Amino acid sequence: MTTATAQPLLLDREALLHQARERAGLEDFGDLWFLEPMDRLLEESNREGRLTAAGHAAQTDSIVRGLVNRLRMVEDIKRHPEILEERVDVAGIILGLPRTGSTIFQRLLASAPGMTGLRWYEAQNFAPFPGERRGDPAERRAHARRTIDGWLALAPELASIHPLDPDAPDEEVIVLGQMFVSTMVEAMNFVPGFARWLNDYDQSRGHEDLKTILRYLQWQDPSRRGRKWILKSPSNLPYAEVAANAFPDALLIMTHRDPVQTVPSYVSMQAALYKLSASVDDREVGGFWFPRLVDWMHRFEAARARIGEDRFIDIDYREVGRAPLAQAERVLARFGIPVDGAVEEVLKEFLAGNKREQRPMHDYSPERFGLSEEAIRRDFATYRARYIRE
Numbered sequence: 020m021t022t023a024t025a026q027p028l029l030l031d032r033e034a035l036l037h038q039a040r041e042r043a044g045l046e047d048f049g050d051l052w053f054l055e056p057m058d059r060l061l062e063e064s065n066r067e068g069r070l071t072a073a074g075h076a077a078q079t080d081s082i083v084r085g086l087v088n089r090l091r092m093v094e095d096i097k098r099h100p101e102i103l104e105e106r107v108d109v110a111g112i113i114l115g116l117p118r119t120g121s122t123i124f125q126r127l128l129a130s131a132p133g134m135t136g137l138r139w140y141e142a143q144n145f146a147p148f149p150g151e152r153r154g155d156p157a158e159r160r161a162h163a164r165r166t167i168d169g170w171l172a173l174a175p176e177l178a179s180i181h182p183l184d185p186d187a188p189d190e191e192v193i194v195l196g197q198m199f200v201s202t203m204v205e206a207m208n209f210v211p212g213f214a215r216w217l218n219d220y221d222q223s224r225g226h227e228d229l230k231t232i233l234r235y236l237q238w239q240d241p242s243r244r245g246r247k248w249i250l251k252s253p254s255n256l257p258y259a260e261v262a263a264n265a266f267p268d269a270l271l272i273m274t275h276r277d278p279v280q281t282v283p284s285y286v287s288m289q290a291a292l293y294k295l296s297a298s299v300d301d302r303e304v305g306g307f308w309f310p311r312l313v314d315w316m317h318r319f320e321a322a323r324a325r326i327g328e329d330r331f332i333d334i335d336y337r338e339v340g341r342a343p344l345a346q347a348e349r350v351l352a353r354f355g356i357p358v359d360g361a362v363e364e365v366l367k368e369f370l371a372g373n374k375r376e377q378r379p380m381h382d383y384s385p386e387r388f389g390l391s392e393e394a395i396r397r398d399f400a401t402y403r404a405r406y407i408r409e
């Protein structure tokens, strides 16, 4: 008697496009440039992915959701061409190694009067749901809350790693992932082959679409007109020139923290995300992500030299902890936003409600992931010598 071998669950481009069209009741995706990175992601996922059955279902839903967002946006632009006339002012882009305090710093800056950021629920669904009244995204907020609750049920440690909040500013990498041109598409899908391919792919089309999406979001919420946007994503680090070219007037804000802390912390975060949908050993996660982060930094160092120092401002994680208002004011001054007593009160109110001790402690022993402090110090020696003053 032979035992039937379970067939692998595959992701199919045409099936996903069909599901999206069926769900949205729409046909037009607009420019189909995204099919190339989509095909490559699906190919690598089917070849080397470790998706569980639940993970396959989650990936399918995530991909279809992104495609539905695109269909709905294309339709809304046809009906409201004035969307493309929105003037969006991206004043700053935060980059740096992951786990360098960029999330709290983005949210601090976005809380200042005259500032705004991409909210987490918007990143998940940048297009309004059917029947949604303009300016009332209650259903999208509720959907985001359910998503977060589901994640925390499967991986409770995420609560200590990244503060998930539907209404808080978060990373545009989530939006770019819906176009298959960011590390977000591999956050819960172990696809090293796609990661290597993405390093050499021209991601500028994704950022052009991101600019359209920011106009779309500002059109949805006219109160944002005249405000300055603050974007943030650690995955901007290896592709800094793409972001810098897409938003040529934006200040590039680099957050710094010792890689001895950030590397194991980020590897721990990736391990927690993989747990949601894939079967990957902790040491394998460390073996993939440690050299990748080293490569990210090498790519960034070369790009920074080409971009020019005048575009950058450096923010030390320790200084944010010691004097957060002073660091925020340094950046706001470069944005041309005067900091008076009223602004300081808003920033203080934000800080009072977002203290690190209000979340569980994050345990990220490097040994768990096959990492060593000695190796991290060695491979990040140049970066540490320039930015980390011990």
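Residue numbers (our numbering): 20 to 409.
Cβ coordinates follow ideal geometry from the N, Cα and C atoms, glycine included.
From a predicted model like this one, the values you see are computed outputs, not experimental measurements.
>> Taking the alpha-carbon of residue 63 as reference, which of 100, 210 and 149 has the nearest alpha-carbon?
In response: Along the sequence shown, one-based indexing puts residue 63 at 44. For the residues 100, 210 and 149, the minimum Cα distance to residue 63 belongs to 210.
> What are the start and end residues of the beta strand (DSSP E) that includes residue 109?
Replying inline: The residue given as residue 109 occupies position 90 in the sequence shown. 108 to 114 is the span of the beta strand (DSSP E), which, as asked, contains residue 109.
>> Please classify residue 379 as buried or exposed, where buried requires at least 16 neighbouring CB atoms within 10 angstroms.
In response: As a first step, residue 379 must be located in the sequence shown, where it is residue number 360. Annotation note: pLDDT 49 at residue 379 (below 50); position unreliable, no value reported.
> Under a Cβ-count criterion, where at least 16 other Cβ atoms within 10 Å of its own Cβ denotes burial, should residue 390 be classed as buried or exposed?
Replying inline: Your numbering for residue 390 matches position 371 in the sequence shown. By the 10 Å Cβ count, residue 390 comes out buried.
>> Once DSSP output is grouped into helix, strand and coil, what is the label at residue 412?
In response: Outside the modelled stretch of the chain, which goes from 20 to 409, sits residue 412, for which no answer is possible.
> Can you tell me the Cα-Cα spacing of residue 375 and residue 121, whole angstroms?
Replying inline: The residue you call residue 375 lines up with position 356 of the sequence shown. The residue you call residue 121 lines up with position 102 of the sequence shown. The pLDDT assigned to residue 375 is 49, lower than 50, so where the model puts this residue is not dependable; a value taken from the coordinates is nonetheless given after this. Going from the Cα of residue 375 to the Cα of residue 121 covers about 13 Å.
> Based on Cα-Cα distance, which residue from 96, 267, 396 and 249 lies nearest to residue 310?
Replying inline: Translated into positions along the sequence shown, residue 310 becomes position 291. Closest option to residue 310, Cα to Cα, is 396.
>> In the DSSP assignment, the alpha helix (DSSP H) including residue 319 goes from what residue to what residue?
In response: Here residue 319 refers to the residue found at position 300 of the sequence shown. That run of the alpha helix (DSSP H) goes 301 to 326.
>> Quick check on the DSSP output: the alpha helix (DSSP H) that includes residue 184 runs from which residue to which?
In response: Taking the sequence shown and counting its residues from 1, one reaches residue 184 at position 165. Residue 184 -> no alpha helix (DSSP H), and no H or E assigned at all.
> Buried or exposed: residue 173, going by 16 or more other Cβ atoms within 10 Å of its Cβ?
Replying inline: Reading the sequence shown from its first residue, position 154 is the one you call residue 173. Under this definition residue 173 is an exposed residue.
> Under a three-way DSSP split, which group does residue 275 fall into?
Replying inline: In the sequence shown, the residue the question calls residue 275 occupies position 256. Three-state DSSP puts residue 275 in a strand.
> Hey, residue 119 and residue 274: beta-carbon distance below 8 Å or not?
Replying inline: On the sequence shown, residue 119 is found 100 positions in, with the first residue counted as 1. On the sequence shown, residue 274 is found 255 positions in, with the first residue counted as 1. Their beta carbons are under 8 Å apart, which means residue 119 touches residue 274 by this criterion.
> Looking at residue 134 and residue 246, is the spacing between their C-beta atoms short of 8 Å?
Replying inline: Taking the first residue of the sequence shown as position 1, residue 246 is located at position 227. Taking the first residue of the sequence shown as position 1, residue 134 is located at position 115. The answer is yes: Cβ separation under 8 Å.
> By Cβ distance below 6 Å, which residues in the same chain neighbour residue 140 in space, the five residues on each side in sequence not counted?
Replying inline: As a first step, residue 140 is located in the sequence shown; it is residue number 121 there, counting from the start. Only 159, 160, 163 and 185 meet the Cβ criterion.
>> Measuring CB atoms only, is the region 225 to 243 touching the region 96 to 104, in the sense that at least three cross pairs come out at less than 8 Å?
In response: yes
> Any idea what DSSP makes of residue 45, helix, strand or coil?
Replying inline: Position 26 of the sequence shown, counted from the start, is the residue given in the question as residue 45. DSSP places residue 45 in coil when its eight states are reduced to three.
>> For the beta strand (DSSP E) containing residue 250, name the first residue and the last one.
In response: Indexing the sequence shown from 1 puts residue 250 at position 231. From DSSP, the beta strand (DSSP E) with residue 250 extends over 247 to 251.
>> Let me make sure I understand the geometry here. Which of 126, 47 and 188 has the alpha-carbon closest to that of residue 367?
In response: As a position in the sequence shown, residue 367 is number 348, starting the count at 1. Residue 367 has its Cα closest to that of 126, out of 126, 47 and 188.
>> According to DSSP, residue 401 sits in a beta bridge with which residue or residues?
In response: Translated into the one-based positions of the sequence shown, residue 401 becomes position 382. None; residue 401 has no bridge partner.
> If residue 35 and residue 96 are in contact, beta carbons under 8 Å, what's the gap, nearest whole angstrom?
Replying inline: One-based indexing of the sequence shown puts residue 35 at position 16. One-based indexing of the sequence shown puts residue 96 at position 77. Not really, about 22 Å apart at Cβ, beyond 8 Å.
> Per DSSP, residue 213 is paired with what?
Replying inline: As a working mapping, residue 213 is identified with position 194 in the sequence shown. None; residue 213 has no bridge partner.
> Given 8 Å as the limit, is there contact between the region 186 to 195 and the region 139 to 155, that is, 3 or more CB pairs closer than that?
Replying inline: yes
> Run through DSSP, which three-state label would residue 270 get?
Replying inline: Within the sequence shown, numbered from 1, the residue matching residue 270 stands at position 251. In this structure, residue 270 counts as strand in the three-state DSSP scheme.
> What is the DSSP secondary structure of residue 36, reduced to helix, strand or coil?
Replying inline: What you label residue 36 is simply residue 17 of the sequence shown in a count that begins at 1. Of the three classes helix, strand and coil, the one that applies to residue 36 here is helix, per DSSP.
>> Less than 7 Å between C-beta atoms, sequence neighbours within five positions excluded: which residues of the same chain meet that for residue 136?
In response: Residue 136 sits at position 117 when you count from the first residue of the sequence shown. Around residue 136: 125, 129, 188, 248 and 249.
> Quick one: what does DSSP say residue 411 is sitting in, helix, strand or coil?
Replying inline: Because the chain here runs from 20 to 409, residue 411 falls outside it and cannot be looked at.
> So, helix, strand or coil for residue 375, using DSSP?
Replying inline: Position 356 of the sequence shown, counting from 1, holds the residue named residue 375. Any reading at residue 375 must be qualified, since the residue scores a pLDDT of 49, below 50, and its modelled position is unreliable; no value is offered.
>> Assuming contact is defined by CB atoms lying nearer than 8 Å, are residue 252 and residue 114 in contact in what I supplied?
In response: Locating residue 252 in the sequence shown gives position 233, where the first residue counts as 1. Locating residue 114 in the sequence shown gives position 95, where the first residue counts as 1. Taking 8 Å as the Cβ cut-off, residue 252 and residue 114 qualify as a contacting pair.
> Whose C-alpha, out of 322, 256, 289 and 400, is nearest the C-alpha of residue 278?
Replying inline: Along the sequence shown, one-based indexing puts residue 278 at 259. It is 400.
>> Checking 8 Å against the spacing of the C-beta atoms, do residue 319 and residue 256 come in under that value?
In response: One-based indexing of the sequence shown puts residue 319 at position 300. One-based indexing of the sequence shown puts residue 256 at position 237. Going by C-beta atoms, residue 319 is nearer than 8 Å to residue 256.
>> Tell me whether the region 57 to 75 and the region 282 to 300 touch, counting them as touching only if at least three CB pairs, one residue from each stretch, are closer than 8 Å.
In response: yes
>> Given a cut-off of 8 Å on the beta-carbon distance, is the pair residue 224 and residue 52 in contact?
In response: By 1-based counting over the sequence shown, the position of residue 224 is 205. By 1-based counting over the sequence shown, the position of residue 52 is 33. In this structure, residue 52 lies closer than 8 Å to residue 224 by Cβ.
> Contact check, residue 332 vs residue 350 under 8 Å by CB: the rounded distance?
Replying inline: In the sequence shown, the residue the question calls residue 332 occupies position 313. In the sequence shown, the residue the question calls residue 350 occupies position 331. That pair is a contact at about 6 Å.
> Hey, would you say residue 280 sits closer than 8 Å to residue 304, going by beta carbons?
Replying inline: Within the sequence shown, numbered from 1, the residue matching residue 280 stands at position 261. Within the sequence shown, numbered from 1, the residue matching residue 304 stands at position 285. No.
>> Between which residues of its own chain and residue 335 is the CB-CB distance below 6 Å, once the five residues before and five after are set aside?
In response: The residue labelled residue 335 in the question sits at position 316 within the sequence shown. So the qualifying residues of the chain are 275.
> Tell me the DSSP bridge mates of residue 335?
Replying inline: In the sequence shown, counting from the first residue as 1, residue 335 sits at position 316. Answer by DSSP bridge pairing, in chain order: 275.
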